[in-house]
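One point on numbering: in this note's numbering, the residue at position 23 of the sequence shown is 444, and numbering is uninterrupted.
Even glycine gets a Cβ: it sits at the ideal position worked out from N, Cα and C.
Contents: one structure, followed by commentary.
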Amino acid sequence: MRDLLVGCPVMPILTVHDVDNAAPLARALVAGGIRIFEVLMRTPAACGAVARMRAAVPEAVVGMGTLLTPDDVARAVAAGACFGVSPGLTTALADAVVDHGLPFLPGVATASEVMAARDRGFRDMKLFPAQGVAGAAFLRAVAPVFPDVMFCPTGGIGRADVPTYLQLPNCPTVGGSWVAPHDMVRVGDWDGITALARSAASLTATTSPT
């Protein structure tokens with residue numbers, strides 16, 4: 422999982438309502454320099470969207486998020502997801518991703534949850550909801566405690582917040598939905614999304630927040 426995160430400053434988090442938007446959305450993101458993104462399993466179109474993205478843009482690394490149950494994991498794998506993401510972690514969920522061999526980001530929000538995920542062999546995790554748990558301050562505090570763990574914070578993070586996170590030694594990438602806003606997807610503003618993706622892909626720890 423770490424190989425996917427390193428070198429990708431922003432991972433777009435996508436909610437796809439119309440499967441016909443999937444392929445052009447993937448093309449727009451890749452054209453802007455982002456080839457790794459997460460489709461949330463929150464709509465009936467989600468699994469179909471992943472399948473279409475993988476077929477239309479083979480170089481894209483498409484994951485599925487909001488995996489809550491073993492059945493969700495099975496559906497994600499069947500759709501062709503390259504990795505999975507969850508807001509948390511249960512024993513059943515951990516067993517399922519291991520059984521399927523699916524690269525996975527379990528969600529954590531406390532040091533105890535980080536320890537529990539480590540006990541199951543995970544070293545790359547999603548901090549969620551990042552802005553609700555002091556985000557960057559939390560990651561800075563746990564960096565020396567868990568030096569082998571890397572995090573992808575998501576939840577309430579905007580473009581201006583990204584450089585602060587990327588300055589941290591345990592945060593190679595940040596997840597955000599602002600790269601592909603729903604209104605732009607709905608009207609098919611693919612050029613606009615490509616521009617947002619290009620801007621996101623250029624972010625670094627030293628980028629001005631303005």
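> What is the DSSP secondary structure of Ile457, reduced to helix, strand or coil?
Replying inline: strand
>> At the level of alpha carbons, what is the spacing between Phe504 and Arg423?
In response: 11 angstroms
> For Val482, does the count of other Cβ atoms within 10 angstroms reach 16, so buried, or fall short, so exposed?
Replying inline: buried
>> For Met432, list the residues DSSP reports as bridge partners.
In response: Gly596
>> Once DSSP output is grouped into helix, strand and coil, what is the label at Phe567?
In response: coil
> Can you round the beta-carbon distance between Pro584 and Thr627 to whole angstroms, since I take them to be within the 8 angstroms contact cut?
Replying inline: 7 angstroms
>> Does the segment 466-473 come into contact with the segment 492-500, if we say contact requires no fewer than three beta-carbon pairs (one atom in each stretch) closer than 8 angstroms?
In response: yes
>> If you reduce the DSSP assignment to three classes, tell me which class Phe559 lands in.
In response: helix
>> One question on the structure: do Val506 and Gly484 come within less than 8 angstroms of each other, judged by their Cβ atoms?
In response: yes
> Pro465: which of Leu510, Glu480, Val431, Asp439 sits nearest, CA to CA?
Replying inline: Asp439
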